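Sequential numbering of the sequence shown, starting at 3, is according to the numbering used here.
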Amino acid sequence: MKITVRGSTVVVPAEETPRLRLWNANPDLVVPRFHTPSVYFFRRGAGEGEEAGRYFDAERMRRALAEALVPFYPMAGRLARDEDGRVEIDCNAEGVLFVEADAPDGTVDDFGDFAPTMDLKRLIPAVDFTGGISSYPLLVVQVNHECHSVIFLTREEQSRTCRRSRAQRVR
């Protein structure tokens, strides 16, 4: 399956958010630093004409993400180290990466039982981890368009603060 990136942008909170650093619990300090991918498939409902063309609006998604980052402001931050070297979340509102892509030759049905395959892995946004923990976003969102659905993917840093709010954000 071929994925073509249309573009990417950094989405920051829609309003001013607190600038602070959040302490990570001890269990969060011993797990490796990585993003956990999540994949959500949304099929287009029955509809024709102009309504079908408005099935998914990426700009609306970006605006909604910016608004959601106000109460969930830690997700717009970066990891950092305190003076003792302990990893913490720097709530600096640098934003999340939003990627819009096309998967023109694939459909949701191509993934069968959604077992981990190379095609499924290609849908997940790539993150460059070579710059250190303060250089990459805590959340990366990619939206893949294809002919009958939208595939919404996230890569999320696995700190305790992030895990606590995941269930609320996905709603």
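A virtual CB, placed ideally from N, CA and C, is assigned to each residue, including glycine.
Quick caveat, the model's predicted, so the values are computed rather than measured.
In the structure shown, Ala-82 adopts extended strand secondary structure according to DSSP, grouped into three states. Straight across, the Cα-Cα distance linking Val-129 with Ala-82 is about 17 angstroms. Here Pro-76 carries a helix assignment [DSSP, helix/strand/coil].
Excluding residues up to 5 positions away in sequence, Glu-90 and Asp-92 lie with their Cβ nearer than 6 angstroms to the Cβ of Arg-23 in the same chain. Residue range 98 to 104 is occupied by the beta strand (DSSP E) that includes Glu-102. DSSP places Glu-61 inside the alpha helix (DSSP H), whose first and last residues are 60 to 70. Rounded to whole angstroms, the gap between the alpha carbons of Tyr-138 and Arg-80 is 7 angstroms.
The continuous stretches of beta strand (DSSP E) do not include Val-129, and DSSP gives it neither H nor E.
Annotation for Ile-91: the continuous beta strand (DSSP E) segment containing it runs 89 to 93. Per the C-alpha coordinates, the member of Ser-40, Asn-26 and Val-13 positioned closest to Ala-66 is Val-13. Assignment of beta-bridge partners to Arg-23 by DSSP yields Asp-92.
In this structure, DSSP gives Leu-122 a helical state, which the three-state scheme calls helix. For Leu-140, DSSP assigns no beta-bridge partner whatsoever.
Note on geometry: alpha-carbon atoms of Thr-156 and Arg-124 lie some 13 angstroms from one another. Leu-71 is positioned such that its CB atom lies closer than 9 angstroms to that of Met-77.
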